[in-house]
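Numbering (the working numbering), first residue to last: 30 to 318. Heads up, the thing below is written out as structure tokens.
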Ligand SMILES: [Zn+2]
């Protein structure tokens, strides 16, 4: 027991303490080989009193970190995925880096290692639907194999509903975005088993088909893969704004951090999805509620 603990004075953890805890929960070797995760910048010895959890480290969320006095930003998407030869302050990412270092704000990224973790990003998404009996859509292999880890989650809806109802339910259960939610398939199709994947889900269309689920919800679906998947008899599809599929995880990781350390943890509700306007032809009724 330290002197300060004897005095009943809480000692703020350092950046290193929080990074070590995050690394234990989201081991870096669980990330895909192309991914770049872990500590991006920050003074390891700096005390952490406030943490801000964000999907994207962009100028708007850096503004939020500086305004709220955050000492550490935990982000889902990597700031620096590709190698750079300059972080000059007249570049987009260089400016972010300079502002964070000047403001003494560290940056930590948990991306595909947080996707595959159990609980991970898709568990938080599945929880918004109350899905039961969760299992991975694509079980992890290699370092992350076992214990329910893997990409996406499959579960049973508490009550079956048709695709039109599920689309409206998803719109109510997930954070609102300008893009909203669109669905593909027969609106009357009854959905009992749902697969969900936080983030871009094109790559798991065939896995969703092979798993025999009734519907698959993810982000960033495209015309040809979606059309061909449906033509092949695959599950109905729900296409959600990328940010909205990953925002639920921020609450989960924030609650966990708060339980680990005597720190104030806040979650950013800055919608970092690029789409800002949505319209339908005013002479047409929307097909789905
Ligand atoms: Zn993502």
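C-beta: ideal position from N, C-alpha, C; glycine also.
If you draw a 10 Å sphere on the C-beta of residue 49, you find fewer than 16 other C-beta atoms in it, and that means exposed. By the C-beta density criterion, residue 252 is exposed, having fewer than 16 other C-beta atoms within 10 angstroms. Around residue 190, the same chain offers 198, 220 as residues with beta carbons nearer than 7 Å, after the five sequence neighbours per side are excluded. Under a 10 Å Cβ-count criterion, residue 241 is classified as exposed, with fewer than 16 other Cβ atoms of the shown protein chains found around its own Cβ. Between residue 43 and residue 76, the beta carbon gap of about 6 Å places them in contact (Cβ cut-off 8 Å). DSSP places residue 288 in no beta strand (DSSP E) but in the uninterrupted alpha helix (DSSP H) bounded by 271-289. Counting C-beta atoms within 10 angstroms of its own C-beta, residue 291 has fewer than 16 neighbours from the protein chains shown and is therefore classed as exposed. Along the length of the region 94-164, whole alpha helix (DSSP H) runs at least 4 residues long occupy 121-131, 141-145, 150-156, reported in chain order. Residue 114 counts as exposed, since fewer than 16 other C-beta atoms from the protein chains shown sit within 10 angstroms of its C-beta. Look at residue 174 here: in three-state DSSP terms it is coil, with no helix or strand label. Residue environment: residue 275 is assigned as buried (16 or more neighbouring CB atoms within 10 Å of its CB, all protein chains considered). Scanning the region 39-82 for uninterrupted beta strand (DSSP E) segments of 3 residues or longer gives 67-70, listed from N- to C-terminal end.
Secondary structure remark: continuous alpha helix (DSSP H) runs of at least 4 residues inside the region 160-244, in chain order: 192-202, 234-240.
The C-beta distance from residue 134 to residue 95 rounds to 7 Å, short enough to meet the 8 Å contact threshold. Taking residue 128 as the centre and dropping the five residues before and after it, the same chain places the C-beta of 91 closer than 6 Å to its C-beta, in chain order.
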